[in-house]
Ligand SMILES: N[C@@H](CCC(=O)N[C@@H](CS)C(=O)NCC(=O)O)C(=O)O
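Here is the structure:
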């Protein structure tokens, strides 16, 4: 496929990083365009992603696609080498199920728990996050990665658990994920394997800058 491949992203975004990680794992060359997404949305972002107005946007041969999970699926179907999704339709459906669960349940529940004040609300939010994380712990039984021996689609989507969410805890001065992980040995090991992966390791946003951004963007504006 000789058409131009472009990623419009933001350095700190776990969603942008998912797309870049998939491209790197599959050995696809691409141009990266950094967007100042929280300062001013560029005309191109508004044109390419008029519905959500967010990054990442993936542009292949001039045709834009938004939403990281959708982009990952498109990449895997368009470039067949080094697949990240299982080939069997049932296993593929399961991978999509877990990816959806991560973004619809796990990510928001962690954020909610972090933001909730003291008392009943906080307990409920933490309970919700715990339930989600326990389901992931169960899913990892007997496996190194969610996809088995090799890092794949669900691992890429779960990137926020291994890195961003722990940095978010630090920025908020709480231990939501960090303390839950103490009772989740498989998920803890998974975080370790994920972060040790040679391609992941060299493509993470710098921690100090990430913490500074989280503090200014999410904590101080609360
Ligand atoms: N569900 C989207 C989430 C993308 C997202 O939230 N991107 C953030 C950056 S981390 C963004 O562009 N935010 C701009 C805004 O909310 O206006 C995906 O998976 O791609």
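Numbering (the UniProt record's numbering), first residue to last: 1 to 222.
Glycine residues also receive a C-beta, built at the ideal position from the N, C-alpha and C atoms.
The three-state reading of DSSP puts residue 200 in helix, counting H, G and I together. Rounded to whole angstroms, the separation of the alpha carbons of residue 175 and residue 206 is 20 Å. Counting C-beta atoms within 10 angstroms of its own C-beta, residue 185 has fewer than 16 neighbours from the protein chains shown and is therefore classed as exposed. With a cutoff of 7 Å, residue 32 does not count as near ligand 1, since its C-beta is closer than that to no heavy atom of the ligand.
With a cutoff of 8 Å on beta-carbon distance, residue 57 and residue 101 are scored as not near each other. With 16 or more other CB atoms across the displayed protein chains lying within 10 angstroms of its CB, residue 187 is buried.
Under the 10 Å beta carbon count, residue 199 is surrounded by fewer than 16 other beta carbons and is classified as exposed. Contact between residue 10 and residue 34 holds, with the beta-carbon distance rounding to 7 Å and staying under 8 Å.
By the Cβ neighbour-count rule, residue 147 is buried, with 16 or more other Cβ atoms within 10 Å of its own. A contact is defined here as three or more CB-CB pairs under 8 Å, and the segment 92-108 meets this definition with respect to the segment 151-163. Counting only runs that start and end inside the UniProt domain "GST C-terminal" (88-218), the alpha helix (DSSP H) elements of at least 4 residues fall at 89-101, 107-115, 120-139, 153-157, 159-162, 164-172, 176-181, 185-196, 198-201 and 207-214. Bounds of any beta strand (DSSP E) do not take in residue 12, whose DSSP letter is neither H nor E. Around the beta-carbon of residue 2, fewer than 16 other beta-carbon atoms lie within 10 Å, marking it exposed. Taking C-beta separations shorter than 6 Å and ignoring five residues to either side along the sequence, the partners of residue 37 in its chain run 10 and 55, following chain order. Assigned with DSSP and collapsed to three states, residue 77 falls in helix. Here residue 43 is not bridged, per DSSP, to any residue.
Between ligand 1 and the CB of residue 95, the shortest heavy atom gap is not smaller than 7 Å. Bounds of any beta strand (DSSP E) do not take in residue 36, whose DSSP letter is neither H nor E. The closest heavy atom of ligand 1 lies less than 7 Å from the beta carbon of residue 69.
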